[in-house]
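Oh and the sequence shown: position 86 is 86 in the working numbering, straight run, nothing missing.
Glycine included, every Cβ here is placed at the ideal spot set by N, Cα and C.
Keep in mind the model is a prediction, meaning the values are calculated, not measured.
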Amino acid sequence: MKHTLWMMTAAMLAFAPVCSAGESPKAALVAADEAFVRMDYPAAITSYEELLQSNPSDPTLLWRAARAYVCFAEPLEDSRRTALCKKAESYARKCIALDSLLPEGHTWLAGALGYLALDTSMRHQANLSFEILAEANKAIGLDPGDDAAYSIRGSLYRALGNVSWIERRIAGLLFGGIPHGGYEEAEASLKQAVAIAPDVMRHRYELGILYIDMGRTQDAKEQLEKVLTMPVRVAIDTPRLAKTRELLQHLDHH
């Protein structure tokens, strides 16, 4: 499964030497992946883009660049996030154009579009919601062990679950509608993400937020308390931990 391969890669990178000028493309890729694992996203992006100068049609480099841009953008809440996610979108689309059977291209396109949807008009959000769902579903169809794609799909369904009946009617009249689905589909997708990768913080955090939205306070507390025990793997996990503590404190007083 993807998560198992990720853990193996991280363990190998812990003992990998830093790549220096003149080393092989394989060594340069190891160094770039190492920078990503230690959350040095600017260094990872620079390395991936340098490799792409020599290999512009390598889809494995393209999805890695897209992933790095998404993870770099995640903690930001200003125009920088939009700019970085547009770069991620571009790389992911190039990856898919070169190899549409590579699941990671679809996963990180969905991830980039998810953040772009936060900073755009309602009409564009409605249109993007269909594409995000389609890309997540393609990734899952190609790799049923893609925990990130399940998690992204779960977050989309949670957002759809927060759309009222009247808002859906308005969206249908003005924008052509939004995808069907809501809390039930969100829970199923997020539980699957947890089952595949139980120590990835995002999955349990999103499941906890879903349970808050559903009014299932005890279930929310159970998931969020587990979040506090989990390792930081990507940059957004640090503010995510802080938010988790705030949420638990709030739940304990209500």
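Inset, instruction - Establish whether the CB of Leu207 and some CB of chain C are separated by less than 8 Å. - result: Included in the structure is just one protein chain, with no chain C present.
Legend entry - First and last residue of the uninterrupted alpha helix (DSSP H) at Ile140: Within the sequence shown, residue 140 is the residue found at index 140, counting from 1. Under the DSSP assignment, Ile140 falls in the alpha helix (DSSP H) whose first and last residues are Met122 to Leu142.
Inset, instruction - Tell me whether the beta-carbon of Leu156 lies closer than 8 Å to the beta-carbon of Leu133. - result: Counted from its first residue, the sequence shown places residue 156 at position 156. Counted from its first residue, the sequence shown places residue 133 at position 133. Their beta carbons are under 8 Å apart, which means Leu156 touches Leu133 by this criterion.
Inset, instruction - With a 10 Å radius around its C-beta and 16 neighbouring C-beta atoms as the bar for buried, classify Pro59 as buried or exposed. - result: As a working note, residue 59 is residue 59 in the sequence shown. By the 10 Å Cβ count, Pro59 comes out buried.
Inset, instruction - Please go through the same chain and pick out, in chain order, the residues whose beta-carbon is closer than 6 Å to the beta-carbon of Glu135, but skip the five residues on each side of it. - result: Position 135 of the sequence shown, counted from the first residue, corresponds to residue 135. Only His106, Leu109 and Ala110 meet the Cβ criterion.
Legend entry - 6 Å Cβ shell around Asp99 - same chain, five flanking residues per side excluded: Here residue 99 corresponds to residue number 99 of the sequence shown, with the count starting at 1. Cβ within range, chain order: Pro59.
Legend entry - Test item: CB-CB of Leu160 and Gly181 under 8 Å: Residue 160 sits at position 160 when you count from the first residue of the sequence shown. Residue 181 sits at position 181 when you count from the first residue of the sequence shown. In contact: Leu160 and Gly181 (Cβ atoms closer than 8 Å).
Legend entry - Separation of Leu118 from Asn162, as counted between CA atoms: For the purposes of this step, residue 162 is identified with residue 162 of the sequence shown, where counting begins at 1. For the purposes of this step, residue 118 is identified with residue 118 of the sequence shown, where counting begins at 1. If you take the alpha carbons of Asn162 and Leu118, they lie about 14 Å apart.
Legend entry - Exposure of Leu224, with buried meaning 16 or more beta-carbon neighbours within 10 Å: As a working note, residue 224 is residue 224 in the sequence shown. Counting Cβ neighbours within 10 Å, Leu224 comes out buried, since at least 16 surround it.
Inset, instruction - Check whether the Cβ atoms of Ala220 and Ile178 sit closer than 8 Å, and answer yes or no. - result: In the sequence shown, residue 220 corresponds to position 220, counting from 1. In the sequence shown, residue 178 corresponds to position 178, counting from 1. The Cβ-Cβ distance between Ala220 and Ile178 does not fall below 8 Å.
Inset, instruction - Using 10 angstroms around the beta-carbon of Asp78, count the other beta-carbons present and answer buried if the total reaches 16, otherwise exposed. - result: Within the sequence shown, the letter at position 78 stands for residue 78. By the 16-neighbour rule on beta-carbons within 10 angstroms, Asp78 is exposed.
Inset, instruction - Please specify which runs of the alpha helix (DSSP H), each continuous and at least 4 residues long, are wholly inside the segment 199-237, giving them in chain order. - result: Runs found: 201-214 and 217-227.
Inset, instruction - Could you check the C-alpha separation between Val37 and Ser129 for me, to the nearest Å? - result: Taking the sequence shown and counting its residues from 1, one reaches residue 37 at position 37. Taking the sequence shown and counting its residues from 1, one reaches residue 129 at position 129. Straight-line Cα distance between these residues: approximately 29 Å.
Inset, instruction - Determine the contact status of Ser54 and Pro25, defining contact as a CB-CB distance below 8 Å. - result: As a working mapping, residue 54 is identified with position 54 in the sequence shown. As a working mapping, residue 25 is identified with position 25 in the sequence shown. Yes. Within cutoff.
Inset, instruction - Identify, in the order they occur along the chain, each residue of the same chain with its Cβ nearer than 6 Å to the Cβ of Trp165, setting aside the five sequence neighbours on each side. - result: Against the sequence shown, residue 165 aligns to sequence position 165. Caution applies to Trp165, whose pLDDT of 47 falls short of 50 and renders its modelled position unreliable; the model cannot decide the point.
Legend entry - Exposure label - Met201; buried when at least 16 CB within 10 Å: The residue you call residue 201 lines up with position 201 of the sequence shown. Per the 10 Å Cβ criterion, buried.
Inset, instruction - Assign Glu74 to one of three DSSP states: helix, strand, or coil. - result: Taking the first residue of the sequence shown as 1, we reach residue 74 at position 74. When secondary structure is reduced to three states using DSSP, Glu74 falls in the coil class, being assigned neither helix nor strand.
Legend entry - Cβ pair count under 8 Å reaching 3, the segment 70-77 against the segment 33-52: The segment 70-77 makes contact with the segment 33-52: 3 or more CB pairs, one atom from each, lie closer than 8 Å.
Inset, instruction - Keeping to the same chain, check which residues put their C-beta closer than 7 Å to that of Lys138; ignore five residues upstream and five downstream. - result: Taking the sequence shown and counting its residues from 1, the one referred to as residue 138 is at position 138. Contacts found: His106.
Inset, instruction - May I ask you to report which of helix, strand or coil DSSP gives Gly105? - result: Numbered from its first residue, the sequence shown carries residue 105 at position 105. Gly105: helix per DSSP, three-state reduction.
Legend entry - Within 8 Å, strictly: CB atoms of Ala68 and Cys85: As a working note, residue 68 is residue 68 in the sequence shown. As a working note, residue 85 is residue 85 in the sequence shown. Against a cut-off of 8 Å, the Cβ pair of Cys85 and Ala68 comes out as no contact.
Legend entry - Enclosing alpha helix (DSSP H) for Ile45 [first to last residue]: The residue labelled residue 45 in the question sits at position 45 within the sequence shown. First-last of the alpha helix (DSSP H) with Ile45: Tyr41 to Ser54.
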